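Engineer:
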Amino acid sequence: MIVRISTEGQYELTESDADALNALDNQAVGACEEGDEERFNATFKELIDFVRKNGQPVAEDRLEPSDAILPPPDVSFEEARAEFSGEGLIPG
Amino acid sequence: MPGLSGRMSTVIKAKISKLLDRAEDPAETLEYSYQKQIELLQNVKKGIADVVTSKKRLQLQEQKLRDQVVKLDTQARQALAAGNEDLARTALERKNVAQTELQSLDSQIGQLEQQQEQMTASEQKLRAKIEQFRSRKEVIKAQYSAAEAQVRISEAATGVGEEMADVGLAMQRALDKTENMKARADAVQELEAAGTFEDLTQLGAGEDDIDRQLRELSSGSEVDAELAKMKAELGSGSPSSAGELGAGAPAGEPAQAEQAGPSQGQAP
């Protein structure tokens, strides 16, 4: 499966990574909703690191849609919060 | 079917898909996006150029402050030689403020420089992506007109669309960053224009009373130490004060003078 880190690129991960990714993803959203900036930053960093570490970069000339798209690595807490309350990085 | 169901990635993916689904004619949308990207890249380049200009202005400002430090130091010496210790102290206080501003200016310029380098690197990366996108788009367009009846956009088109949206996002963020940097550099410039750097009672925006008092405390002891050192050099200071200074803070360097503490202020 392919995961994109926005503004960075795509990574190919194995199916067995899905559970860990989903868990980190949902933890990050949870932290966002609770207004816990510190926990969001830590969890989001862990998520990005996980994809970079376990994923293989997808070749530049291979153009496939991603199975999941993560926010840019430098996303701020405010941006992430806005993202999940309707307004955000990518206009909905 | 991959079981990716994280809420964050799902929300973002849905938004990207929505952007693409809105397109009635993918070929036209790709062309339009390509033009948009070229425009954005131009804006990024212009943004970087603006930042460079702001940085140069700050560097000029830095030079002015350096000159001022030298001038104030000379004035303090002259005042002391003429026996006017109060005037010398005022000149040294001003010099101290100028030096503090100089330090903060220094670090701002350093940050700007670092960010400018990052921006230039990312501009080059974006340029390469756009070039790649340009050739992809022609392939997709050809594919699309051949299979228009199928209505469904090919997997490859979806991939390009996603890539396109991502490059667009990367450029938008790059642009926002250059604007932020420029705004910050301009703000520093405006502060200076308003004479803030030269005004002892106003040491900068966002500073509260505690900051100011703490700064005055350390500035006071630095000024005292410097005054004592100057006296010793001019041979007009009392030998005991010069001796004290020599023991605690050789050469009266500001960092060490700070540790020497206010006892220096009691020196005759």
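Chains C and W are the protein sequences, given in the same order. Count along the first sequence from 1, add 80, and you get the number used in the numbering used here. Count along the second sequence from 1, add 1370, and you get the number used in the numbering used here. Ideal Cβ positions, reconstructed from N, Cα and C, are used throughout, including at glycine. Please read all numbers here as calculations on a predicted model, not as lab measurements.
1) For the region 1488-1506 of chain W, list every residue whose C-beta sits within 8 Å of some C-beta in chain C, in sequence order.
2) In whole angstroms, give me the CA-to-CA distance for V1381(W) and F164(C).
3) V138(C) and E88(C): beta carbons closer than 8 Å?
4) Would a C-beta distance cut-off of 8 Å place K1601(W) and L1450(W) closer than the cut-off?
5) For the region 111-137 of chain C, list every residue whose C-beta sits within 9 Å of some C-beta in chain W, in sequence order.
6) Going by the beta-carbon positions, is the gap between L1435(W) and I1479(W) smaller than 8 Å?
7) Let me know the secondary structure DSSP gives L150(C) once reduced to three states.
8) If distances are taken between C-alpha atoms only, which option among Q1502(W), E1501(W), K1441(W), E1487(W) comes closest to K1547(W)?
9) In the structure shown, what three-state DSSP assignment does L1604(W) receive?
10) Against A108(C), what residues of chain W qualify as contacts under a CB-to-CB distance less than 7 Å, listed in chain order?
11) Got a sec: is the Cβ-Cβ distance from R1543(W) to anything in chain C below 8 Å?
12) Is there a Cβ from chain W that is less than 8 Å from the Cβ of F164(C)?
13) Would you say R1522(W) lies against chain C (beta-carbon separation less than 8 Å)?
14) How long is the line joining the alpha carbons of K125(C) and L1539(W), rounded to whole angstroms?
15) When DSSP labels each residue in this structure, what does R1504(W) get in the three-state scheme?
Structural biologist: The short version:
1) Q1502, R1506
2) Here residue 1381(W) is taken as the residue at index 11 of the second sequence, counted from 1. Here residue 164(C) is taken as the residue at index 84 of the first sequence, counted from 1. Approximately 8 Å between the Cα atoms of the pair.
3) As a first step, residue 138(C) is located in the first sequence; it is residue number 58 there, counting from the start. As a first step, residue 88(C) is located in the first sequence; it is residue number 8 there, counting from the start. It is not a contact, given that the beta carbons lie outside the stated cut-off.
4) Taking the second sequence and counting its residues from 1, one reaches residue 1601(W) at position 231. Taking the second sequence and counting its residues from 1, one reaches residue 1450(W) at position 80. Taking 8 Å as the Cβ cut-off, K1601(W) and L1450(W) qualify as a contacting pair.
5) C112, F124, L127
6) As a position in the second sequence, residue 1435(W) is number 65, starting the count at 1. As a position in the second sequence, residue 1479(W) is number 109, starting the count at 1. No, the Cβ-Cβ distance between L1435(W) and I1479(W) is not below 8 Å.
7) As a working note, residue 150(C) is residue 70 in the first sequence. Strand at L150(C).
8) On the second sequence, position 177 is the one that residue 1547(W) refers to. It is E1487(W).
9) Within the second sequence, the letter at position 234 stands for residue 1604(W). Three-state DSSP puts L1604(W) in a helix.
10) Taking the first residue of the first sequence as 1, we reach residue 108(C) at position 28. Chain W residues near A108(C): M1378.
11) Translated into the one-based positions of the second sequence, residue 1543(W) becomes position 173. Closer than 8 Å: yes.
12) Counting from 1 along the first sequence, the entry for residue 164(C) is found at position 84. So, interface residue.
13) The residue given as residue 1522(W) occupies position 152 in the second sequence. Bear in mind that a pLDDT of 48 at R1522(W), under 50, signals an unreliable position, so the number given afterwards is only what the model happens to contain. No - not a single Cβ of chain C is within 8 Å of the one on R1522(W).
14) The count along the first sequence starts at 1 and reaches residue 125(C) at position 45. The count along the second sequence starts at 1 and reaches residue 1539(W) at position 169. Computed Cα separation, rounded: 20 Å.
15) Here residue 1504(W) corresponds to residue number 134 of the second sequence, with the count starting at 1. Three-state DSSP puts R1504(W) in a helix.
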